[in-house]
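Reading through the structure tokens given below for one structure.
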Amino acid sequence: MSTDGAQFMRVATRRGAAIAVEFDGLPLAATEGDSILAVLLTNGLILRRHEFGSEPRSGFCLMGACQDCWVWSVQGGRLRACTTPVADGMILASQPPAGPHE
Amino acid sequence: MSSIVIVGAGPAGIAAAELLCSHGHRPVVIDEGERAGGQGYRRPSPDLALDMHALMGSEAGRYEALHRRFAALAEHIDYRPRTLVWAIEGRTLHLLYDGRAETIEADQLLLATGAMDRVAPLPGWTLPGVFTLGGAQVALKDQGCLIGRRVAFLGSSPLLLLAAKQYRQMGGTVAVIADTTGLAAKATALPGLLASPRTLLRGLGGMAGALRAGTPLLHGVTPLAIAGNGHVQSLLLRDAAGRERRFTCDAVALGYGLKPETQLADLAGARFVYDEAFRLFLPETDAFGRARPGLYLAGDGASIGGADAAEASGALAAHAILADLGGAPAAAEVRTLTRKLARLRGFQRSLARAFAWPASQIRALPDDTLLCRCESVTIGTVRAAMAQALGPIEVNRVKAMTRCGMGRCQGRVCGPALQEIVAGASGQDGAGAGRLRGQAPVKPIALSAAGESTP
Ligand SMILES: Cc1cc2nc3c(=O)[nH]c(=O)nc-3n(C[C@H](O)[C@H](O)[C@H](O)COP(=O)(O)OP(=O)(O)OC[C@H]3O[C@@H](n4cnc5c(N)ncnc54)[C@H](O)[C@@H]3O)c2cc1C
Ligand code: FES
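Heads up: the protein sequence lines correspond to chains A and B, in order. For the first sequence, the tail end lands on 168 under this note's numbering, and the numbers increase by one without skipping. For the second sequence, the tail end lands on 510 under this note's numbering, and the numbers increase by one without skipping.
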């Protein structure tokens, strides 16, 4: 169904500074004010793999309640993608970095 | 002066703060969100090229009015955005702001914490592309995005029609609008619905719009599965005539009405009673929202009522706080507000019948359906644990046995369905299954932050 391999379809543009982030090694263009989740899902289909059984997940409630949208940032640990705005230079990953974490 | 703390800057919290300010108080207003307005009336991001008037119709003016009122309050309150209240112990609220833990003391605490979508699970509901109905609206209003190109709207809620209409208007395709409540049940609830024409008209407007475009609009469906290879590709359901039908789509918006966010009320010592109309445990309050001395509840977090009811109940709670602090009673105002609130909440009760929680469908779900998305617990695991357990069965025990409801979301998502599964297997009604107790932290926080403030 999705022709470009993206889950979300942007229908309203955002005015704001163009910024660049990285997700699992891929550079992505974003606009200041976008949520991390919106940037990732307008560019792809999944956010993360579930801890048990590694099935793909892409968030669910989009309002900070279900916690199914956690991604990891090199700079700042765990982030709730649906309620966290992107920032220029963010380096994000679908999996937690190796080593002890919460 | 007494310290008054309001949690939640939605219509309920804003209305309460306004009234308290007009009586010379300076309440603290805490909200986890980036911008005030709450869930339904969240302020659209100013830099998004969204025509709110086209999208929201007559509601757009109400949005603007609420945000104008909040802006006027700004210098008269102690506003703390982006601040999560993650625990309450006695008078002490534990806050998390910018990764740092802080505490604040409240003599009068008003919880106006709002609601979230109530969802019923079905096979395939954890596939990428399935979102809550409220989430589908948040994606649009907050991010200017649709959750997919061809979206199926499934559940039982008047907002299915509203959201579908907005999606179509913004260039999305609506694969189907499928409501699990049959038309006969809707007709039975109609007299009660006529009590509040504004919401009814919006719903009917959506229905007419959907029909005009040739969108399938089905009532009385049984959802069977969401299918797809790694992401949503179709929705399978049985229609009211018993036919299986498959709708190709790349996203599903799932919503069965709203459920109040009551974790904080629980920690603050509110008592709960089972409500037959909503099939939910709701906090017990008097007509003003007093739950116990010093604790007040308002808005959807107390009882689902919509934005107008939220405002009225917020104002009533503020009147109660003023009266409890020794102020002169404002009898006429209070009487008007009480009447208004009773009418609006009565309307929601009728809505809850017209758009019913599909209890028997949930009880009949197949064993391999995932119930708890956080801990990956299936309905079969829950049923098996109950079959082996000795003694009375209730949800907290089932949670301890299976981890269902113990994950990151604290049972917010699976709670209502778990309650139905437990009730079904133990031959009880929803009330007999018990209530999942709230626990701190109400949302996951970094352990280092919790450590800083835990005595
Ligand atoms: C996702 C969603 C979409 C909706 N869309 C519509 C719509 O399109 N049209 C419509 O008429 N109605 C809609 N509604 C219903 C409408 O939002 C509510 O009826 C109304 O907003 C209730 O107002 P309130 O003040 O009670 O709560 P809310 O407006 O929900 O405000 C509650 C506030 O409390 C804050 N909060 C909660 N817990 C904490 C905590 N622990 N710490 C800090 N802050 C906290 C939240 O961040 C939120 O801002 C929607 C509801 C939801 C949940
Ligand atoms: S999608 Fe539910 S918390 Fe982010």
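Backbone N, C-alpha and C define an ideal beta-carbon position, used for all residues, glycine too. Since the model is a prediction, treat every value here as computed from it, not as a measurement.
Nearest to I85/A by CA position, among V77/A, G91/A, A96/A, A78/A, is which residue? Within the first sequence, residue 85/A is the residue found at index 19, counting from 1. Nearest of V77/A, G91/A, A96/A, A78/A to I85/A, Cα basis: A96/A.
Only counting the same chain, and skipping five residues up and downstream in sequence, which positions put a Cβ closer than 6 Å to that of A367/B? Along the second sequence, one-based indexing puts residue 367/B at 312. The residues L392, K395, L396, in chain order, have a CB closer than 6 Å to that of A367/B in the same chain once the five nearest residues on each side in sequence are set aside.
Which residues, taken in chain order from the segment 117-129 of chain A, show a beta carbon closer than 9 Å to some beta carbon of chain B? Taking 9 Å as the Cβ-Cβ cut-off against chain B, the residues of the segment 117-129 of chain A that qualify are E117, F118, G119, E121, P122, R123, S124, G125, F126, C127, L128, M129.
Is there a Cβ from chain A that is less than 7 Å from the Cβ of R98/B? What you label residue 98/B is simply residue 43 of the second sequence in a count that begins at 1. Taking Cβ atoms only, chain A never reaches closer than 7 Å to R98/B, which makes this a no.
For A488/B and E449/B, believed in contact at Cβ under 8 Å, the rounded distance: As a working mapping, residue 449/B is identified with position 394 in the second sequence. As a working mapping, residue 488/B is identified with position 433 in the second sequence. Right, the Cβ-Cβ distance comes to about 6 Å (below 8 Å), so this counts as a contact.
Below 8 Å, how does it come out for the segment 313-322 of chain B and the segment 217-237 of chain B: are there three or more Cβ pairs, yes or no? By the Cβ criterion, the segment 313-322 of chain B is not in contact with the segment 217-237 of chain B, since fewer than three pairs of Cβ atoms, one from each stretch, lie closer than 8 Å.
Taking 8 Å as the limit between beta carbons, can you name the residues of its chain near T149/A, skipping five residues before and five after? Here the question's residue 149/A lines up with position 83 in the first sequence. Here the set comprises S101, M129, G130.
Residue burial classification, Q161/A (beta-carbon count within 10 angstroms, cutoff 16): As a first step, residue 161/A is located in the first sequence; it is residue number 95 there, counting from the start. Residue burial is scored here from C-beta neighbours: Q161/A has fewer than 16 other C-beta atoms within 10 angstroms and is therefore classed as exposed.
Can you tell me which residues form a DSSP beta bridge with T147/B? Locating residue 147/B in the second sequence gives position 92, counting from the first residue. Looking at the DSSP assignment, T147/B forms a beta bridge with E144/B, E160/B.
When the Cα atoms are used, what is the spatial distance from S68/A to L106/A? To locate residue 68/A, count along the first sequence from 1; it is residue 2. To locate residue 106/A, count along the first sequence from 1; it is residue 40. Low confidence applies to S68/A: its pLDDT is 45, below 50, so where it sits in the model is not reliable, and the reading given next is rough at best. Cα-Cα distance, rounded: 15 Å.
Starting from the N-terminal end, write out each residue whose C-beta falls within a distance shorter than 7 Å of any non-hydrogen atom of ligand 2. The chain-ordered list of residues whose CB is nearer than 7 Å to some heavy atom of ligand 2 reads L103/A, G125/A, F126/A, C127/A, L128/A, M129/A, G130/A, A131/A, C132/A, Q133/A, D134/A, C135/A, R146/A, A147/A, C148/A, T149/A, G190/B.
Distance between beta carbons of I59/B and Q163/B, contact taken as under 8 Å: Your numbering for residue 163/B matches position 108 in the second sequence. Your numbering for residue 59/B matches position 4 in the second sequence. Contact between Q163/B and I59/B holds: CB atoms are separated by about 5 Å, below the 8 Å threshold.
DSSP state of C427/B, grouped into three classes? Against the second sequence, residue 427/B aligns to sequence position 372. In the structure shown, C427/B adopts extended strand secondary structure according to DSSP, grouped into three states.
Where does P82/B land, buried or exposed, given buried means 16+ other C-beta within 10 angstroms? Along the second sequence, one-based indexing puts residue 82/B at 27. Taking all protein chains shown into account, P82/B has 16 or more neighbouring C-beta atoms within 10 Å of its C-beta and is therefore buried.
Can you say whether A145/B is buried or exposed, counting buried as having 16 or more other CB atoms within 10 angstroms of its CB? Sequence index remark: in the second sequence, residue 145/B carries index 90 (1-based). In the sequence under discussion, the amino acid at residue 145/B is Gly, which differs from the Ala named in the question. Answer is exposed; the Cβ neighbour count stays below 16.
Are at least three pairs of beta-carbons, each pair with one atom in the segment 199-210 of chain B and one in the segment 290-308 of chain B, less than 8 Å apart? Yes, the segment 199-210 of chain B touches the segment 290-308 of chain B.
Comparing alpha-carbon positions, which option in C464/B, A478/B, L473/B, G482/B lies nearest M171/B? Position 116 of the second sequence, counted from the start, is the residue given in the question as residue 171/B. When C464/B, A478/B, L473/B, G482/B are compared, the shortest CA-CA separation from M171/B is found for C464/B.
Contact defined as beta carbons within less than 8 Å: I believe K241/B pairs with A409/B. What is the distance between those atoms, to the nearest angstrom? Here the question's residue 241/B lines up with position 186 in the second sequence. Here the question's residue 409/B lines up with position 354 in the second sequence. The beta-carbon distance between K241/B and A409/B, rounded to whole angstroms, is 5 Å. This is short enough to meet the 8 Å contact definition.
Just reading off the alpha helix (DSSP H) that S139/A is part of, what are its end residues? Here residue 139/A is taken as the residue at index 73 of the first sequence, counted from 1. For S139/A, there is no enclosing alpha helix (DSSP H); the residue is found in the beta strand (DSSP E) stretching over 136-139.
Identify every residue that forms a DSSP beta bridge with Y351/B. On the second sequence, position 296 is the one that residue 351/B refers to. For Y351/B, which the question treats as bridged, DSSP gives the partners L165/B, R345/B.
So with Cβ pairs under 7 Å, would you call C132/A a contact of chain C? The structure shown contains no chain C; its protein chains are A and B.
Alpha carbon to alpha carbon, how far is W341/B from V193/B? Taking the first residue of the second sequence as position 1, residue 341/B is located at position 286. Taking the first residue of the second sequence as position 1, residue 193/B is located at position 138. One detail in the question is off: residue 341/B reads as Asp in this sequence, not Trp. Roughly 33 Å separates the two Cα atoms.
Contact set between A153/A and chain B, taken where Cβ atoms lie within less than 8 Å: Along the first sequence, read from residue 1 onward, the residue named residue 153/A stands at position 87. Neighbours of A153/A on chain B: none; closest Cβ ~13 Å, over 8 Å.
For M75/A, count the other beta carbons within 10 Å of its own beta carbon; 16 or more makes it buried, fewer makes it exposed. Which is it? Counting from one through the first sequence, the residue named residue 75/A turns up at place 9. Flag for M75/A reads buried.
Start and end of the alpha helix (DSSP H) containing K220/B? Within the second sequence, the letter at position 165 stands for residue 220/B. DSSP places K220/B inside the alpha helix (DSSP H), whose first and last residues are 214-224.
Relative to chain A, which residues along the segment 208-232 of chain B have a C-beta separation below 8 Å, given in chain order? Interface annotation for the segment 208-232 of chain B against chain A: M225, G226, G227, criterion Cβ-Cβ distance under 8 Å.
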